[in-house]
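Taking it in order: structure first as structure tokens, then the write-up.
Protein chains in written order, with the working numbering: chain A, 17 to 327; chain B, 2 to 441.
Next up, the structure:
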């Protein structure tokens, strides 16, 4: 369906994208995960035909976008990161205009607009001016505007930026419906929770390069640990995590304030030994729990930096 | 065609939805053109001009100086008041009077002498009339100087030929001429005949005046030996100049250019938004994206011109006295030129903020040189020649030609052609230079 082959793009000395490759099949949702400035938007812009890559190519059903009017563009729907709506016009007038850009008019346009508004649950506000909408409603309408020409591939560039959790969930519900309809979604985000919830495959990008490209399960396998034992200590005076690291089955140990996080390969075998060692050495604790490592941990492991803190 | 029409329709809706833009584009030029039109002659040239405030300081107190003041006070365009020297100087400095005339002591006597001999009494130079003037009113100074010359000639000659001091002076001059060996014999005879004739005329008038009171005799002095018959050459014999026709064209051109500038700035702003990405993601050609913007801007410009001239017709009686087709042609060509101007602003500008400043300056220069504020005929000759490279000059001249000048279609061909060439040139440069990508 979509093949991105080793695309690169530089602005002067700044390398925005360097040799990015991935593919997306019909009905698949690909998450482009990375911090701000990682090259996600540039990658999406190249796929949408807004930018030409310095090298590499993008194939949509085996064809390249060769000109501004190339019919291949009809297969793509773009949801830009910035709100792409006319505030002074109503929701319906906005959608009528965006449908006309794809030469859709009359009854066909009317049906497409009704369907899109139904999907994003804005039918009851169709004739209100967009400037009266909340941020979440605008985001949903921004999504609807990309669906009117029924594209096979939907490029979603951080579509939930700045919206409340309720609206975010509503957008996720919309995307899950589209996914069920067999649409291919390319979803850029720097929120690992979004990628974990929506994506079949996750392409992690950093400094314009792909650092990992796998399913969520596959990415977890890249980690040296499969579980984390989190222990809240009563006292940390004189406590040294290196002592825990020396225990059998333990692969990592990190102490932040009075929370000790111990990485282990097999939780059931390692946990009793760790807890016994703590008791035997006079380190009392008030709470113990286990955690699954998340994408944040994956990103940290792969890049040595936190996803949210990365610049 | 569906996308093109949708793009044009959307631009028009957005513009008409923006009440502030509509008000600025229509109401403001109406107000300004009404004001300028009134200043520059108004409807049928009936506007009465303000009188020039002028002070007179009479240090002579002679019949001639009093006659001169009376003569000047009779001028319709002057508001003459007596004053003292220092007070007059202060009034002119403060702008309360445009000019002050200082009639020095013995002016009457010296002026009479100078009328016949070219010099003052006892060979002194000609007497001086002082004119204190406000340098910001140089045009009025020329008028004052002209009226003063006429008045002095009339009053002094009248006094010389018919007044008491004139008679004394003629007698004295006659005596001087008769006894002056330095004057050649032939010249002496001619002067003696002239002055003798004047003396004889005066004596006869005295006798006639004593015998038949009320007979005027020669008492008017020298006056202009002609009167003028003025005829404003407009589109017809009974058609008079309408100052509003020019001002509505000038202000219309100015504010339509501002609208064009806004179109360009809006394109620069649009390029930084998600809307631009969405438009570019659609299968639309660049020609369609820029062309639709040009057509919508031209339609808005045409609408503004139509509204302004409709208002001018109803309120000020501005009619298209020349070729209607020519007028429409000039308006269409100017509208297209404005739209292309907007595109070139967008093409050459980098950021909206930086572009706004220099494009406003460029617009104002075009408007000024095009004659939108004041007609180009008041410009120096070299500047009038220079302004033929300014498109607004062609637009305003074209509109003037088709409205109050009442010219035929052939006179509109050159303005239409030049404006279309500008539109084409601007459009081509805009398409070539426009930065389609947002990647700098």
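Just so you know, even glycine gets a beta-carbon here, dropped at the ideal spot from N, CA and C.
By alpha-carbon positions, which one of the options ends up nearest to residue i?
i                      : options                       : result
residue 55 of chain A  : A/70, A/41 and A/31           : A/31
residue 153 of chain A : A/89, A/234, A/94 and A/100   : A/100
residue 35 of chain A  : A/103, A/41, A/25 and A/42    : A/25
residue 139 of chain B : B/98, B/160 and B/332         : B/98
residue 362 of chain B : B/271, B/255 and B/115        : B/255
residue 437 of chain B : B/165, B/201, B/334 and B/291 : B/291
residue 375 of chain B : B/353, B/23, B/403 and B/398  : B/398
residue 310 of chain A : A/266, A/280 and A/235        : A/235
residue 159 of chain A : A/122, A/280, A/216 and A/92  : A/92
residue 262 of chain A : A/300, A/106 and A/290        : A/290
residue 142 of chain B : B/349, B/111, B/79 and B/64   : B/79
residue 435 of chain B : B/342, B/402, B/85 and B/154  : B/342
residue 400 of chain B : B/247, B/243, B/286 and B/357 : B/247
residue 71 of chain B  : B/321, B/157 and B/303        : B/157
residue 27 of chain A  : A/315, A/61 and A/70          : A/70
residue 198 of chain A : A/224, A/167, A/316 and A/186 : A/167
residue 334 of chain B : B/318, B/306 and B/357        : B/306
Can you tell me whether DSSP reads residue i as helix, strand or coil?
i                      : result
residue 137 of chain A : coil
residue 17 of chain A  : coil
residue 274 of chain B : coil
residue 19 of chain B  : coil
residue 258 of chain B : helix
residue 54 of chain B  : strand
residue 243 of chain B : coil
residue 277 of chain A : strand
residue 38 of chain A  : strand
residue 31 of chain A  : strand
residue 82 of chain B  : strand
residue 213 of chain A : helix
residue 204 of chain A : strand
residue 145 of chain A : strand
residue 293 of chain B : helix
residue 248 of chain A : strand
Examine the ligand ADP and report whether any of its heavy atoms sits within less than 6 angstroms of the Cβ of residue i.
i                      : result
residue 403 of chain B : Annotation note on the ligand ADP: not contained in the displayed structure, which lists no ligands.
Is residue i close to chain A, meaning its C-beta is less than 7 angstroms from at least one C-beta of that chain?
i                      : result
residue 11 of chain B  : yes
residue 353 of chain B : no
residue 4 of chain B   : yes
residue 286 of chain B : yes
residue 253 of chain B : no
residue 15 of chain B  : yes
residue 48 of chain B  : Caution applies to residue 48 of chain B, whose pLDDT of 49 falls short of 50 and renders its modelled position unreliable; the value that the coordinates give is listed next. So no, residue 48 of chain B is outside the interface.
residue 431 of chain B : no
residue 7 of chain B   : yes
Checking contacts by CB at 7 angstroms: is residue i closer than that to chain B?
i                      : result
residue 89 of chain A  : yes
residue 113 of chain A : yes
residue 71 of chain A  : no
residue 257 of chain A : no
residue 189 of chain A : no
residue 175 of chain A : no
residue 85 of chain A  : yes
residue 116 of chain A : yes
residue 119 of chain A : yes
residue 94 of chain A  : yes
residue 327 of chain A : Only weak support exists for where residue 327 of chain A lies, its pLDDT of 46 falling under 50; the coordinates are left without a value.
#### Entry: Within 8 angstroms of chain B by C-beta, residues of the stretch 98-109 of chain A in sequence order
98, 99, 100, 101, 102, 104, 105 and 109: these are the residues of the stretch 98-109 of chain A whose beta carbon lies less than 8 angstroms from some beta carbon of chain B, given in chain order.
### Message
Please list, in chain order, the residues of the stretch 56-69 of chain A that have any C-beta partner in chain B closer than 9 angstroms.
### Response
58, 61, 64, 65, 66, 67 and 68
### Message
Against chain B, which members of the stretch 131-150 of chain A pass a CB distance test of less than 8 angstroms?
### Response
So nothing in the stretch comes that close.
### Query
Using a Cβ cut-off of 9 angstroms, which residues of the stretch 267-286 of chain B contact any Cβ in chain A, in chain order?
273, 274, 275, 276, 277, 278, 279, 280, 281, 282, 283, 284, 285 and 286
### Query
What are the start and end residues of each continuous beta strand (DSSP E) run of 3 or more residues lying completely inside the stretch 311-372 of chain B, in chain order?
none
### Task
Output the residue ranges of the alpha helix (DSSP H) runs that lie fully inside the stretch 41-122 of chain A and measure 4 residues or longer, sorted by chain position.
56-64 and 107-116
### Message
As an exercise, report each continuous alpha helix (DSSP H) stretch of at least 4 residues that is fully enclosed by the stretch 257-303 of chain A, in chain order.
### Response
257-261 and 283-296
### Task
Can you check the stretch 119-205 of chain B for any beta strand (DSSP E) of at least 3 residues that lies completely inside it and give the ranges in chain order?
131-134
### Task
Would you list, in chain order, the members of the stretch 15-30 of chain B that have their beta-carbon closer than 7 angstroms to a beta-carbon of chain A?
15 and 18
### the stretch 26-38 of chain A: positions lying closer than 8 angstroms to chain B by Cβ
27
### Query
Taking only runs of the alpha helix (DSSP H) that begin and end inside the stretch 64-108 of chain B, which ones reach a length of at least 4 residues, in chain order?
Unbroken alpha helix (DSSP H) runs of no fewer than 4 residues, entirely contained in the stretch 64-108 of chain B, are found at 64-74 and 86-94, following chain order.
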